[in-house]
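Trainee:
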Amino acid sequence: MKNIAKLSIMTLLLFMATAPLSHAQVSVGVGLNVNLAPPEIPVYTQPECPADGYLWTPGYWAYDDADGYYWVPGAWVAPPDPGYLWTPGYWGYDGGYYHFHDGYWGAHVGFYGGINYGFGYGGTGFYGGRWDGGHFRYNTAVMRVNTRMVHNTYVDRTVIHEGGSRASFNGRGGVDRQPNRDELAASHDRHVQATSRQSANRTAASKDRNQFAKVNHGKPATAARTRATARNTAATNRNTAAEKRNTAATRKNTAATRNNNAAARRSTATAKRNTAATRNNNAAVRKNTNAERTQASAAKRQANTQAKAARTERNTAAKQQRTQARQQQRQARPQQQRQARPQQQRQARPQQQRAARPAGGGGEHKRP
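Per my numbering, the very first residue in the sequence shown carries number 132; after that it's consecutive.
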């Protein structure tokens, strides 16, 4: 009998391992099989994030065998470890029944049935924020965060898509969507089950009749909580102490950030002063350069003027000398001519007298 039982169990496990996955059965932790579809996702307002590092876990419909569906409020929850993100659970329709697939914590957000839970969970992936250096940064376009307390924020409105189906299950009659490659890869990551606060939140909702759909007709009295309900006082105290430590660390980080900002402002002011001083120095250098150029130009013009005046003076003196020389020459010519004439005449007279004497007579000529 034991061998037969072992063989049966092994056969069942082999069948489950080789059976193809339905498009609504990717997540592990399949629990109840229900023949009635869950109500639509209600419209509600998200409370503000109570502390830095808390992540939003959207509300969902759970099921009780006796009283049917009840709403587990959405709540802010501290993740089990930094870097972890929450993949919500979802209902999937397959084989004539609705199966619930539990949510889990992991490094990546996996497949959650394509359900539009809102607040960053639009049906695929998660756009409410991201981990950055051990700190979670909130996208305030889809997350309600008190920015006076939480400073790790950014705004990305491109992820907002209005409208869409409010169906709370995957499959025929609901959201007809299959997991993509990234979601399939995320299903193989290391997963951590819901925290004790999340489990306590679900237990508290199951004990509140106002949360049941047959009472509230799809409009739960408490659609969301600021924090998930603590299971016991010790856990609450531990979480409170952790919150205080986180708050103190946040304050220290804030103070450090302010100091860094102040130092940056001082450095910026110093840089501006240095830049202004450099500009002033450059202006003074340009002014001195222009003054030197002006002085050089003036000196050059003065030198040219002096050289021109010297040339003019030399030319004038030379001209005067030439004029005086010509005048002296003109004055000297008549005197030379007067001096030359008597001498010529004296030289000519004896010759004329010799020419006038009779030829052949040596005696003295007598007058008649």
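Even for Gly, the Cβ is constructed at its ideal location relative to N, Cα and C.
According to DSSP, is Val306 part of a helix, a strand, or is it coil?
Mentor: Residue state, collapsed to three classes: strand.
Trainee: Measure the alpha-carbon distance for Tyr185 versus Arg404 and round it to whole angstroms.
Mentor: Computed Cα separation, rounded: 44 angstroms.
Trainee: For the alpha helix (DSSP H) that Ala335 lies in, which residues bound it at each end?
Mentor: Where Ala335 is concerned, the enclosing alpha helix (DSSP H) stretches over Ser327 to Ser337.
Trainee: Can you tell which of Thr425, Ala463, Asp183 and Ala394 has the C-alpha that lies nearest to the C-alpha of Met280?
Mentor: Out of Thr425, Ala463, Asp183 and Ala394, Asp183 has the C-alpha closest to the C-alpha of Met280.
Trainee: Taking 8 angstroms as the limit between beta carbons, can you name the residues of its chain near Ser296, skipping five residues before and five after?
Mentor: Within the same chain, Ser296 has close Cβ partners Asn247, Gly305 and Val306.
Trainee: Is Leu315 helix, strand or coil by DSSP?
Mentor: Leu315: helix per DSSP, three-state reduction.
Trainee: Taking just the CA atoms, how far does Phe300 sit from Pro170?
Mentor: Whole-angstrom Cα-Cα distance: 9 angstroms.
Trainee: Considering just the uninterrupted stretch of the alpha helix (DSSP H) at Val346, what are its terminal residues?
Mentor: It spans Ala344 to Asn347 - the alpha helix (DSSP H) in which Val346 sits, taken as one unbroken run.
Trainee: Kindly list the residues whose CB is nearer than 6 angstroms to the CB of Tyr243, restricted to its own chain and excluding five residues on each side of it in sequence; keep chain order.
Mentor: These residues qualify, in order along the chain: Thr218, Pro219 and Tyr221.
Trainee: Label Arg328 either buried or exposed according to how many other C-beta atoms from any shown protein chain fall within 10 Å of its C-beta, with 16 as the threshold for buried.
Mentor: Under this definition Arg328 is a buried residue.
Trainee: Take Leu216 as the anchor and find which of Tyr200, Ala373, Val203 and Ala317 has the nearest alpha-carbon.
Mentor: Comparing Cα positions, the closest option is Ala317.
Trainee: Once the 5 residues before and after Val159 are set aside, which same chain residues still bring their CB inside 6 angstroms of it?
Mentor: Per-residue confidence for Val159 stands at a pLDDT of 37, beneath the threshold of 50, marking its modelled position as unreliable; no derived number is given.
Trainee: Does DSSP classify Tyr243 as helix, strand or coil?
Mentor: It is coil, neither helix nor strand.
Trainee: Check this for me: beta carbons of Thr357 and Pro181, under 8 angstroms apart or not?
Mentor: Contact flag set, yes.
Trainee: With three or more C-beta pairs closer than 8 angstroms as the rule, is the region 333-342 touching the region 195-207?
Mentor: Yes: the two stretches touch, three or more of their Cβ pairs being nearer than 8 angstroms.
Trainee: Per DSSP, what are the beta-bridge partners of Tyr194 in this structure?
Mentor: Paired residue(s): Tyr200.
Trainee: Measuring alpha carbon to alpha carbon, tell me which of Trp187, Ala441, Arg268 and Asp287 ends up nearest Thr176.
Mentor: Thr176 has its Cα closest to that of Trp187, out of Trp187, Ala441, Arg268 and Asp287.
Trainee: Whose C-beta lies closer than 6 angstroms to the C-beta of Met274 among residues of the same chain, with five residues either side of it excluded?
Mentor: Contacts found: Gly259.
Trainee: In terms of alpha-carbon separation, which member of Ala463, Gly234 and Pro178 lies closest to Tyr191?
Mentor: Out of Ala463, Gly234 and Pro178, Gly234 has the C-alpha closest to the C-alpha of Tyr191.
Trainee: What's the gap between the Cα of Pro178 and the Cα of Trp236?
Mentor: Cα to Cα, the separation comes out at about 21 angstroms.
Trainee: Would you report the Cα separation of Gln426 and Lys439, rounded to the nearest angstrom?
Mentor: In a straight line, the C-alpha of Gln426 is about 20 angstroms away from that of Lys439.
Trainee: Can you tell me which residues form a DSSP beta bridge with Phe231?
Mentor: DSSP, once it has assigned bridges, lists Trp222 as partnering Phe231.
Trainee: Between the C-alpha atoms of Tyr201 and Ala387, what's the straight-line distance to the nearest angstrom?
Mentor: Straight-line Cα distance between these residues: approximately 46 angstroms.
Trainee: In this structure, does DSSP put Ala440 in helix, strand or coil?
Mentor: Looking at Ala440 - three-state DSSP - the assignment turns out to be helix.
Trainee: Between Gln452, Glu293, Pro213 and Gln309, which has its C-alpha nearest Tyr224's C-alpha?
Mentor: Of Gln452, Glu293, Pro213 and Gln309, the residue nearest in Cα terms is Gln309.
Trainee: How long is the line joining the alpha carbons of His348 and His292, rounded to whole angstroms?
Mentor: Looking at the two C-alpha atoms, the distance is approximately 27 angstroms.
Trainee: Verify whether the separation of the beta carbon atoms of Ala359 and Ala168 is less than 8 angstroms.
Mentor: Taking 8 angstroms as the Cβ cut-off, Ala359 and Ala168 do not qualify as a contacting pair.
Trainee: On the CB-based measure, 16 or more other CB atoms within 10 Å of its CB, does Tyr229 come out buried or exposed?
Mentor: So Tyr229 ends up on the buried side.
Trainee: Between Ala455 and Ala429, what straight-line distance do the alpha-carbon atoms span, to the nearest angstrom?
Mentor: Here residue 455 is Gln; the residue named in the question, Ala, does not match the sequence. Whole-angstrom Cα-Cα distance: 38 angstroms.
Trainee: DSSP beta-bridge partners for Gly205?
Mentor: Looking at the DSSP assignment, Gly205 forms a beta bridge with Ala355.
Trainee: Whose CA, out of Asn283, Gly226 and Arg445, lies closest to the CA of Thr385?
Mentor: The candidate whose alpha carbon is nearest that of Thr385 is Asn283.
Trainee: From Arg410 to Gly294, what distance separates their C-alpha atoms?
Mentor: Using only the alpha carbons, I get a separation of about 57 angstroms.
Trainee: Output the boundary residues of the beta strand (DSSP E) element that contains His322.
Mentor: Per DSSP, His322 belongs to no beta strand (DSSP E) and is neither H nor E.
Trainee: Figure out for me which residue from Asn311, Ala372 and Asp263 has the closest Cα to the Cα of Gly254.
Mentor: Per the Cα distances, Asn311.
Trainee: Tell me the DSSP secondary structure of Asn164 in three-state form.
Mentor: Three-state result, Asn164: strand.
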